[in-house]
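One structure is given below, encoded as structure tokens.
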Amino acid sequence: MKPRTIVEKIWDSHVVAHPPGAPALLYVDLHLVHEVTSPQAFTMLRERGLKVRRPDLTIATMDHSTPTTSRDLPILDPIGRAQLEQMSKNCADFGIRLYDLKSDKQGIVHVMGPEQGLTQPGMTIVCGDSHTATHGAFGALAFGIGTSQVGHVFATQCLLQQPSKTYAVRVDGTLKPGVSAKDIILAVIAKIGIGGGTGCVFEYLGSTIRGLSMEERMTICNMSIEGGARAGLVAPDDTTYQYLHGREFAPKGAAWEAAVARWRQLPSDDGAEYAHELRIDASRLEPMVTFGTNPGMGIPISAAIPDPASVSDPLERSDLTKALKYMDLEPGKPLKGHPVNVVFVGSCTNSRISDLRAAASVIKGRKVNPKVRMLVVPGSQQVRQQAIAEGLDKIFREAGADFREAGCSMCLAMNGDQLEPGEYSVSTSNRNFEGRQGKGGRTFLASPLTAAASAVTGVVTDVRSLL
Amino acid sequence: MKFEKVISKTVVIPVENIDTDQIIPARYLKAISKDGLGEGLFRDWRYNADGTPKADFPLNNPEAAGAQILVAGDNFGCGSSREHAPWALTQNGFRAVISTSFADIFRGNALKNGLLPVIVPADFHAELLKNPGAVVEIDLASQTVKLAGGKSAEFPIDAFSKRCLLDGVDELGYMLQQEAAIAAYEAAHPAAVNTAA
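Chains A and G, in that order, are what the protein sequence lines are.
For any residue, its number in this note's numbering is found by taking its place in the first sequence, counting from 1, and adding 1.
For any residue, its number in this note's numbering is found by taking its place in the second sequence, counting from 1, and adding 721.
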């Protein structure tokens, strides 16, 4: 048999039918649902008199429009509230398990799935959300879909799909102190550009990736879409199995042993072919930070802001000029030292317990700069409870940061947590698009360590100066 | 709705990597229906903070009124998977977007809403960028795009999407017809995760 990549293996085992001249009908093992991209799909089901085919393989949570203020407070935004109420009704009507605002399992869909053990190696996982690639950290083929496709999966548990090419992203070498998984993925995207992985699935390989924890792997896979790839994954290994073992929906007993034996067959075969390959030397990486209006506009913290005059392609040059104008930044100047108004630690990229621990390690014994508003938003209720159990909430609060309830929050500013026009944030989220964190807001993407360091100093900071 | 041909003047937004947050900002995503999403199209590029239109934005040019073809820079529709982006475009009368490339998720979403993503070679694209408002004919059957009195180019589309658009076929209808194959797959493969646990 021809050697296959893990992507090809998962694909092959999920093809329900592949008639000539048509895309494959691909079976979906797990469909995750949230309040923003599902309402119109439920409406379609009602209009056509259809049911959800596999409510048992469909799990919903509330995250995007979800307030991060106390759960005891009423939801002030009537439109957001109506969307959450509709979510409850839709899930009740169609028999879907929902982790709502009262649930101790509620959280950002891509934090909740893995922590409940729903996300497992070899699975196909979809969600109406482009950051579904996060689940690829477990060696699952996981990707974002549109609302029409959410409807397709509701009705048939399948998707019409064309196969993707596999793109090898090899990261080798030892990370220096202060450099983290977030910096690896920001460096990858800066290198290939935000369209570099279009049509591909990234497979992250190499000794550095092998040495990462599951949460760090999730951070990397999460931002695959920012490199243009719909999915990104890491082949499962003992780190994966240790993380999964004992979680609520992970297999138990003999079923666990059988599952692990099956999962051990997933890694790409020797000699498997990759459409593209990128190599990154992790030992040379510095903390990364973005300066512009897409996640590919990233630089090492010690570097200068690029000059549009040095770009030859006219459209590229005008995009860079436009980005620097929006960000009100001068080419050739360092970004380090630029004043910051808000620091956001959260989002499906960096809101897990290890991210909060990293931020707290910098904040501990220090104060948030009085000019900075710092929000720490745990990715889920379980992360929140764990943080409280470890006393991280106290560290943040005593330093002057706001420690909130779980949700997507200021990553996309749908829930009232947002930047004011003109404000600058250092954010651990995934997108620095114009207005992403609030109309007129300006985002510097960075790691939790860099974000915390910048909160303390009030300017974009190289965390290594505080370690 | 069947898609055969569109002949229209173009609106040109000469910007690369236009993300779906620009096409429709997240604050419009709290809707539970598709109604009124058209108002959000390019909202923050189109209007000033006080709600007045920005005179220099191409969609606000009076000559852009009625245009059904949008021409934009490379990697159009990157970022968020929101299908609200093609909904907002079609609610403003757009039937095709021409670029040198599209983000994967946007491309799929567009095709499901009768919005044709047309990928053209760089030289043809440059020609379109230079001639905003030019009349362009897009013929799906022959997969050609023609600039009135000028150049033409072929564009790629997978055979299935093409057939769905030409015949006005709804993908879900086609999928539901595969019931026997889906049931057979399920019979042979136990659920990957047992959520009754």
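We put the beta carbon where it would ideally sit given N, CA and C, even for glycine.
| Check | Outcome |
| --- | --- |
| Compute the beta-carbon to beta-carbon distance between ASN65/A and LEU413/A, rounded to the nearest angstrom, for a pair I have assumed lies under 8 Å. | Just to set this straight, residue 65/A is His in the shown sequence, not Asn. That belief holds up - the Cβ atoms of HIS65/A and LEU413/A are roughly 7 Å apart, short of 8 Å. |
| Comparing the C-beta of LEU794/G with each C-beta of chain A, is any distance below 8 Å? | As written in the sequence, residue 794/G is Gly, which differs from the Leu given in the question. Cβ-Cβ to chain A under 8 Å: yes for GLY794/G. |
| Per DSSP, what are the beta-bridge partners of PRO335/A in this structure? | ALA305/A |
| Closer than 8 Å by beta-carbon distance: list the chain A residues that pair up with GLU848/G, in chain order. | Simply none; closest approach about 14 Å. |
| Distance check for VAL290/A and VAL235/A, CA to CA, integer angstroms please. | 24 Å |
| Looking at the secondary structure, which residues open and close the beta strand (DSSP E) in which HIS111/A lies? | That residue, HIS111/A, is in no beta strand (DSSP E); its alpha helix (DSSP H) goes 110-116. |
| Give the interface partners of SER149/A over in chain G, defined as CB-CB distance under 9 Å, in chain order. | GLU804, GLY829, ASN830, LYS833, ASN834, GLU892 and LEU893 |
| In terms of residue numbering, what span does the alpha helix (DSSP H) encompassing CYS92/A cover? | 79-95 |
| Using a Cβ distance threshold of 8 Å, determine whether the stretch 341-352 of chain A contacts the stretch 406-424 of chain A, with at least three qualifying pairs required. | yes |
| Can you pull the chain A neighbours of ASN852/G, defined as C-beta to C-beta under 9 Å? | Here the premise fails: no neighbours, minimum Cβ distance about 16 Å. |
| For SER355/A, list the residues DSSP reports as bridge partners. | According to DSSP, which records beta bridges pairwise, SER355/A is partnered with nothing at all. |
| Let me know if LYS337/A comes out buried or exposed under the rule of 16 or more other beta-carbons within 10 Å of its beta-carbon. | buried |
| For chain G, find out if any of its Cβ atoms is closer than 8 Å to the Cβ of HIS153/A; answer yes or no. | yes |
| Quick one: residues in its chain with C-beta nearer than 6 Å to the C-beta of ASN834/G, no 5 flanking neighbours on either side, listed in chain order? | PRO807 and THR811 |
| Can you pull the DSSP bridge partners for GLY145/A? | CYS128/A |
| Determine, using beta carbons only, whether ALA770/G comes closer than 8 Å to chain A. | yes |
| Measuring only between beta-carbons, confirm whether ILE826/G sits less than 8 Å from chain A. | yes |
| Looking at TRP766/G: is its Cβ nearer than 8 Å to the Cβ of GLN789/G? | no |
| What is the DSSP secondary structure of ARG443/A, reduced to helix, strand or coil? | strand |
| Going by the beta-carbon positions, is the gap between ILE306/A and GLY333/A smaller than 8 Å? | yes |
| Starting from TYR168/A, trace the beta strand (DSSP E) both ways and give me its first and last residue. | 166-173 |
| What alpha helix (DSSP H) runs, 4 residues minimum, are completely inside the stretch 28-75 of chain A? | 40-49 |
| Which stretch, first to last residue, makes up the alpha helix (DSSP H) that contains ILE226/A? | No alpha helix (DSSP H) holds ILE226/A; DSSP gives it neither H nor E. |
| What is the DSSP secondary structure of ILE185/A, counted as helix, strand or coil? | helix |
| GLY118/A: which of ALA452/A, SER208/A, GLY408/A and LEU33/A sits nearest, CA to CA? | LEU33/A |
| Where do the ends of the beta strand (DSSP E) carrying ILE840/G lie? | 837-840 |
| With 8 Å as the limit, tell me which residues of the stretch 158-176 of chain A have their beta carbon closer than that to any beta carbon of chain G; keep them in chain order. | GLN158, CYS159, LEU161 and GLN163 |
| Could you check whether the Cβ of THR38/A sits closer than 8 Å to any Cβ belonging to chain B? | No chain B appears in the structure shown, which is made up of the protein chains A and G. |
| Measure from the C-beta of GLU760/G to each C-beta in chain A and report whether the shortest distance is under 8 Å. | no |
| Determine the burial state of GLY814/G: buried for a count of at least 16 other Cβ atoms within 10 Å of its Cβ, exposed for fewer. | exposed |
| Cβ closer than 7 Å: which chain G residues qualify as neighbours of LEU119/A? | VAL914 |
| Figure out for me which residue from LEU213/A, GLU227/A and PRO24/A has the closest Cα to the Cα of THR1/A. | Any answer about residue 1/A is impossible in this case: the structure gives chain A only from 2 up to 468. |
| Over the uninterrupted alpha helix (DSSP H) stretch that includes THR865/G, give me the two end residues. | Counting along the chain, THR865/G falls outside any alpha helix (DSSP H), though it belongs to the beta strand (DSSP E) covering 865-868. |
| Which residues, taken in chain order from the stretch 730-759 of chain G, show a beta carbon closer than 7 Å to some beta carbon of chain A? | PRO735, VAL736, GLU737, ASN738, ASP740, ASP742, GLN743, PRO746, ALA747, ARG748, LEU750, LYS751, ILE753, SER754 and LYS755 |
| Would DSSP call HIS805/G helix, strand or coil? | helix |
| Closer than 7 Å between beta carbons: that is the criterion. Which residues of the stretch 865-895 of chain G meet it against chain A? | ASP879, ALA880, PHE881, GLU892 and LEU893 |
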